[in-house]
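Visitor:
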Amino acid sequence: MLRYTRTLYACWSAAIAAEAEYRLNFAIAALIALFTLAGSLLVLALFYGPNASAESAVLGGWSFYEALCVTAVYTILDGFQQTFMQPNRQQLTEMVREGQLDFVLLKPIDPQFWLSTNRLAVFGVPNFVFGGVLLAYAIGQLDALPSAFSIALGIGGIAIGLAILYALGFLLATLTIWFVKMDNITLAMNALLEAGRYPIPAYAPAFRVFFTFVLPVFFMTTVPAELLTGRDSPGWTLLIALTTAAALVLGSRWLLRFSLRHYTSASS
Amino acid sequence: MSQSPSNIGHHAPSITAHPLFVPRRFFRLASALTTSFYALMVEYRVEIILWGIATSLPLIMMGVWSEAAGTGEFTLDRVGMIRYFLAVFIVRQFTVVWVIHDFEWHVVSGRLTPFLIAPLDPWWRFFFIHVAEQLCRLPIVILLLAGSLLLFPEALWGDGETHGLWTPSWDRVALAAVATYLGFILRWWMQYAMAMGAFWLERVSSAHDLLFLPYLFLSGMVFPLGELSNRLPESATLLGMTIPIGSLVYELTMLTPFPYMLWFPAILISTEGDAALGGVSIPRAFATLVIWIGLMIALQRFLWRLGTKHYSAMGA
Numbered sequence: 191m192l193r194y195t196r197t198l199y200a201c202w203s204a205a206i207a208a209e210a211e212y213r214l215n216f217a218i219a220a221l222i223a224l225f226t227l228a229g230s231l232l233v234l235a236l237f238y239g240p241n242a243s244a245e246s247a248v249l250g251g252w253s254f255y256e257a258l259c260v261t262a263v264y265t266i267l268d269g270f271q272q273t274f275m276q277p278n279r280q281q282l283t284e285m286v287r288e289g290q291l292d293f294v295l296l297k298p299i300d301p302q303f304w305l306s307t308n309r310l311a312v313f314g315v316p317n318f319v320f321g322g323v324l325l326a327y328a329i330g331q332l333d334a335l336p337s338a339f340s341i342a343l344g345i346g347g348i349a350i351g352l353a354i355l356y357a358l359g360f361l362l363a364t365l366t367i368w369f370v371k372m373d374n375i376t377l378a379m380n381a382l383l384e385a386g387r388y389p390i391p392a393y394a395p396a397f398r399v400f401f402t403f404v405l406p407v408f409f410m411t412t413v414p415a416e417l418l419t420g421r422d423s424p425g426w427t428l429l430i431a432l433t434t435a436a437a438l439v440l441g442s443r444w445l446l447r448f449s450l451r452h453y454t455s456a457s458s
Numbered sequence: 030m031s032q033s034p035s036n037i038g039h040h041a042p043s044i045t046a047h048p049l050f051v052p053r054r055f056f057r058l059a060s061a062l063t064t065s066f067y068a069l070m071v072e073y074r075v076e077i078i079l080w081g082i083a084t085s086l087p088l089i090m091m092g093v094w095s096e097a098a099g100t101g102e103f104t105l106d107r108v109g110m111i112r113y114f115l116a117v118f119i120v121r122q123f124t125v126v127w128v129i130h131d132f133e134w135h136v137v138s139g140r141l142t143p144f145l146i147a148p149l150d151p152w153w154r155f156f157f158i159h160v161a162e163q164l165c166r167l168p169i170v171i172l173l174l175a176g177s178l179l180l181f182p183e184a185l186w187g188d189g190e191t192h193g194l195w196t197p198s199w200d201r202v203a204l205a206a207v208a209t210y211l212g213f214i215l216r217w218w219m220q221y222a223m224a225m226g227a228f229w230l231e232r233v234s235s236a237h238d239l240l241f242l243p244y245l246f247l248s249g250m251v252f253p254l255g256e257l258s259n260r261l262p263e264s265a266t267l268l269g270m271t272i273p274i275g276s277l278v279y280e281l282t283m284l285t286p287f288p289y290m291l292w293f294p295a296i297l298i299s300t301e302g303d304a305a306l307g308g309v310s311i312p313r314a315f316a317t318l319v320i321w322i323g324l325m326i327a328l329q330r331f332l333w334r335l336g337t338k339h340y341s342a343m344g345a
């Protein structure tokens, strides 16, 4: 265990030092995160109209501030994906293409751990900050402040969302071991995940089915927001979300092992 | 020895003298470049499908807007929203532009140099690879459109009340096709002008991500722009003045180039009459398109001249 925390510390401090060279990039990324958030707030404002906080303004049964919680959770997930997942995925693709994956497999450390934590992109951090601030604000504006229990459940829900996001991303990244050029499939998946910016019950029926059972966006942003706002008591949804997350994480471990069995390195 | 590639480019009897339009040569070059790039792009068929999915945001937004249309006062009703976003999706497929990444890579890796020696201004290659990609995309767009119409048959048949069969008149379709292509040309030159930053900056494409945001939110990709004047507060008081927020935001948006890249052609195909254009007449829209294209080409030519003088072919 100590070895793992020490590895993490070494990798991340090196990554941060490397990123510090591109400070302008960080500023641009922060601006982009801010404007993207402003844009999704504009879209929400258009959905709810000029009397957004009126009781009559609902979208799929969600009030304006409840929907704001969903957007905030999405922003946090987006930050996670930019900070931790994207740089590592890029690295995995490069390694497979150039045959460097062999060196990782030889290291005395769990390959999945190394492949998912080795890199870190600081410019995803603003999304965490903005998402967190927006979430706190939206919760403060709710009609009834959620109980401490709801908030604890909500944080658990966000953790489940992160686990699903991580597992899906890693599953797709693993496919690069078979089909070297897979960058675009994650591009396609990320585009579909955009649906998580708004509560899934606000979508047309066909979309609801797709984003619950095919691509579980529902469990990633809507369920955490439901738990946080106390709209939903922890019951079947939470159980299903937990099972989905566990299945996907285990699935990603299994797929990596399975694909490594077929990995013949770049030279052969 | 002392002659830099850009100087060679300037002295060669080349298209750079008349960089944009020489009719006979234009068609010969256009067809030669398009066919050879087509052969190249066909290799990437699977990737083009994935890019198609990656640009499906309008379809996702259709999922929310078509439901929302039943809950309040919007400029379009349910069927109107479905048709609008389907149209946006199609227009978007023909206006995908990635020239800044291509150009940046060519500059940073030094591959621009051989292009500068050739008696052909490099914009030709960068432009016509897009045209070839659109040709490859055509069958995929038709498939995706057919799939969407199967999922939402009411977009085609109408709802039997306010909407009948979706049959936009021929002149509207022709206008929309021209507008789509002008929108593509505008977006292309805008991005190419920005790409000139690669002569001075190492990662100009990350600065470009900033420009993508107004495109994302002001082009009509995530909401029909008519909702700006319809759903924002009518007015607000600031420093004792009453500001008509909704209509002001709408009018300002219409001065930017972005609405004409998606919203304008999509409204032409998906609605009838001028109501949904919200005061932007068709001639005004085309005039705005042409003016912005002219400005962007002028800006690009200016930056190109500066940039090629500054360019030292990476590593030289």
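From first to last, the protein sequence lines stand for chains U and E. Using the working numbering, you'd call the opening residue of the first sequence number 191 and step up by one each time. Using the working numbering, you'd call the opening residue of the second sequence number 30 and step up by one each time. All C-beta atoms, glycine included, are put in the ideal place defined by N, C-alpha and C.
Can you tell me which residues form a DSSP beta bridge with Ala265(E)?
Guide: Note: Ala265(E) sits in a beta bridge opposite Ile272(E).
Visitor: Alpha carbon to alpha carbon, how far is Asn215(U) from Ser203(U)? Give it in angstroms, no decimals.
Guide: Cα-Cα distance, rounded: 18 Å.
Visitor: Could you check whether the region 208-227 of chain E touches the region 317-324 of chain E, counting it as contact only if at least three pairs of C-beta atoms, one from each stretch, sit closer than 8 Å?
Guide: They touch, by the three-pair rule.
Visitor: Any idea which residues DSSP pairs Leu249(U) with across the strands?
Guide: Answer by DSSP bridge pairing, in chain order: Trp252(U).
Visitor: What do you reckon, are the CB atoms on Ala363(U) and Arg279(U) nearer than 7 Å?
Guide: A contact, by the Cβ cut-off of 7 Å.
Visitor: To the nearest angstrom, report how far apart Ile206(U) and Val312(U) are at their CA atoms.
Guide: Near 7 Å, if we compare the C-alpha coordinates of Val312(U) and Ile206(U).
Visitor: Between Gln220(E) and Ile129(E), how many whole angstroms is the CB-CB distance? I'm expecting something under 8 Å.
Guide: About 5 Å separates the two Cβ atoms, so the contact holds.
Visitor: Under 8 Å between beta-carbons, which chain U residues line up against Ala236(E)? List them in chain order, please.
Guide: Within chain U, the residues near Ala236(E) are Ile218.
Visitor: According to DSSP, is Ile206(U) helix, strand or coil?
Guide: It is helical.
Visitor: Give, in chain order, every unbroken run of the beta strand (DSSP E) that is at least 3 residues long and sits entirely within the region 335-381 of chain U.
Guide: For the region 335-381 of chain U, not a single whole beta strand (DSSP E) run of length 3 or above is found.
Visitor: For Ile299(U), which three-state DSSP category applies?
Guide: Coil at Ile299(U), not helix or strand.
Visitor: If you check the beta carbons only, do Ala116(E) and Ser299(E) fall under 7 Å apart?
Guide: Yes; because the gap between Cβ atoms is below 7 Å, this pair is in contact.
Visitor: Specify, as a first and last residue, the run of the alpha helix (DSSP H) that Phe241(E) falls within.
Guide: Looking at the DSSP string, the run of the alpha helix (DSSP H) that includes Phe241(E) is Val233 to Leu247.
Visitor: If we ignore side chains and look at the alpha-carbon of each, how far apart do Arg201(E) and Ile390(U) end up?
Guide: Between Arg201(E) and Ile390(U), the C-alpha separation is close to 35 Å.
Visitor: Let me know the secondary structure DSSP gives Arg443(U) once reduced to three states.
Guide: In this structure, Arg443(U) counts as helix in the three-state DSSP scheme.
Visitor: Would you mind telling me which residues of chain E sit closer than 7 Å to Ile222(U), beta carbon to beta carbon, in chain order?
Guide: Ordered by position in chain E, the residues that pass the 7 Å Cβ test against Ile222(U) are Asp238, Leu239 and Leu242.
Visitor: Which first and last residues belong to the alpha helix (DSSP H) in which Ser95(E) is found?
Guide: Looking at the DSSP string, the run of the alpha helix (DSSP H) that includes Ser95(E) is Leu86 to Ala97.
Visitor: Between the Cα of Ala206(E) and those of Trp218(E), Phe315(E), Ser264(E) and Ser177(E), spot the shortest distance and give me the residue it belongs to.
Guide: Ranking the options by Cα distance to Ala206(E), first place goes to Phe315(E).
Visitor: Within 10 angstroms of the Cβ of Ser341(E), are there 16 or more other Cβ atoms? Answer buried if so, exposed if not.
Guide: Counting Cβ neighbours within 10 Å, Ser341(E) comes out exposed, since fewer than 16 surround it.
Visitor: With distances taken from CA atoms, which of Phe132(E), Pro288(E), Leu167(E) and Ala265(E) is nearest Leu230(E)?
Guide: Checked all of Phe132(E), Pro288(E), Leu167(E) and Ala265(E); the closest Cα to Leu230(E) is Phe132(E).
Visitor: Using a Cβ-Cβ cut-off of 7 Å, state whether Phe252(E) counts as contacting chain U.
Guide: For Phe252(E), the answer is yes, since a Cβ of chain U falls inside 7 Å of its Cβ.
Visitor: Cα-Cα, which of Asp303(E), Val170(E) and Ala184(E) is closest to Ser95(E)?
Guide: Out of Asp303(E), Val170(E) and Ala184(E), Ala184(E) has the C-alpha closest to the C-alpha of Ser95(E).
Visitor: Which same chain residues end up closer than 8 Å to Gly187(E) when comparing Cβ atoms and leaving out the 5 residues on each side of it in sequence?
Guide: Val108, Gly193, Leu194 and Trp195, listed in sequence order.
Visitor: Starting from the Cα of Val404(U), find the closest Cα among Gly314(U), Ala235(U) and Thr434(U) and give me that residue.
Guide: Nearest C-alpha to Val404(U): Thr434(U).
Visitor: List, in chain order, every chain U residue whose beta-carbon is nearer than 7 Å to that of Phe287(E).
Guide: Result: empty, since nearest Cβ-Cβ is about 12 Å, beyond 7 Å.
Visitor: Considering Cα atoms alone, identify which of Thr226(U), Val260(U) and Phe397(U) is closest to Pro316(U).
Guide: The shortest C-alpha separation from Pro316(U) is found at Thr226(U).
Visitor: Which runs of the alpha helix (DSSP H) at least 4 residues long sit entirely within the region 152-207 of chain E? Give them in chain order.
Guide: Within the region 152-207 of chain E, the complete alpha helix (DSSP H) runs of at least 4 residues are 152-180 and 182-186.
Visitor: What do you get for Val388(U), buried or exposed, if any count of 16 or more other CB atoms within 10 angstroms of its CB means buried?
Guide: Position check: residue 388(U) holds Tyr in this sequence, whereas Val was assumed. It counts as buried.
Visitor: Does the CB of Ala200(U) have a neighbour CB from chain E at under 7 Å?
Guide: It does not; no Cβ of chain E falls within 7 Å.
Visitor: Give me the Cα-Cα distance between Leu306(E) and Gln272(U), rounded to the nearest whole angstrom.
Guide: Looking at the two C-alpha atoms, the distance is approximately 38 Å.
Visitor: Determine contact between the region 394-411 of chain U and the region 298-305 of chain U, defined as no fewer than three beta-carbon pairs at a distance below 8 Å.
Guide: Output reads no: the region 298-305 of chain U does not touch the region 394-411 of chain U.
Visitor: As a quick exercise: from Leu318(E), Glu280(E) and Ala59(E), pick the residue whose alpha carbon is nearest that of Gly255(E).
Guide: It is Glu280(E) whose Cα lies nearest to the Cα of Gly255(E).
Visitor: Any beta carbon from chain E within less than 7 Å of Asn215(U)'s own beta carbon?
Guide: Chain E contact via Cβ: present.
Visitor: Do Ala378(U) and Leu79(E) count as a contact pair if the criterion is CB distance below 7 Å?
Guide: It is a contact, given that the beta carbons lie within the stated cut-off.
Visitor: List, in order along the chain, the chain U residues whose C-beta lies closer than 9 Å to that of Trp195(E)?
Guide: What Trp195(E) touches in chain U: nothing, since even the nearest Cβ is about 18 Å away.
Visitor: Grouping DSSP H, G and I as helix and E and B as strand, with all else coil, what is Gln290(U)?
Guide: In this structure, Gln290(U) counts as coil in the three-state DSSP scheme.
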